[in-house]
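In this note's numbering, the protein residues as written are 125 to 259.
Glycine included, C-beta positions come from ideal geometry on N, C-alpha and C.
Contents: one structure, followed by commentary.
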Amino acid sequence: MNNNSVTCVAIGSEGDIVEARQKGRELSKQIGFGLTDQARIATGISELARNILLYAGSGQVILNIVEIEGRRGIEIMAQDQGPGIMSLEQALTDGFSTSRGLGVGLPGTKRLMDELYIESTFNQGTVVIARKWIN
Ligand SMILES: Nc1ncnc2c1ncn2[C@@H]1O[C@H](COP(=O)(O)OP(=O)(O)O)[C@@H](O)[C@H]1O
Ligand SMILES: [Mg+2]
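The following block contains the structure:
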């Protein structure tokens, strides 16, 4: 398998969320994550992809294998050119939702993954990067 393989899924419909989720599960399995972590990663991908669909209408999910300082893992990059997130602090608080959702997508994904970073600009869009390492 090619270590530099990049998987990019355009998000614009419910079906695209399913596709991104499946590709994430496959990739995490390929690089050696166990079943529980595969499920965690797939869940994180679908939460981030759902946010793209819900709040920005469209965008993309990019999956990458990452190797930094001898550690190997998976990186999810979810990006859109939507309205941006008003308050990152609120968005990362359990139960905060502007859409009457459960408000656990971002904080939950942060817990399921090892790292999560958000960059968001009003009216320009949002980039969420989440990483999970093997062991
Ligand atoms: N890609 C995005 N673009 C704009 N706003 C977003 C995006 N993702 C999340 N948000 C904002 O952050 C809030 C929290 O997101 P999340 O934790 O997934 O909860 P929920 O989707 O259930 O509301 C959302 O209600 C929304 O206001
Ligand atoms: Mg959400």
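Item: Rounded to whole angstroms, how far is the Cβ of residue 199 from the Cβ of residue 190, which I believe are closer than 8 Å?; Value: 5 Å
Item: Is the beta carbon of residue 203 less than 8 Å from the beta carbon of residue 251?; Value: yes
Item: Identify every residue that forms a DSSP beta bridge with residue 188.; Value: 130, 199
Item: Identify, in the order they occur along the chain, each residue of the same chain with its Cβ nearer than 7 Å to the Cβ of residue 230, setting aside the five sequence neighbours on each side.; Value: 215, 216
Item: Taking the beta carbon of residue 209 as the centre, do at least 16 other beta carbons fall within 10 Å, making it buried, or is it exposed?; Value: buried
Item: Throw me the rounded Cβ distance for the residue 153 and residue 162 pair, which I believe falls under 8 Å.; Value: 6 Å
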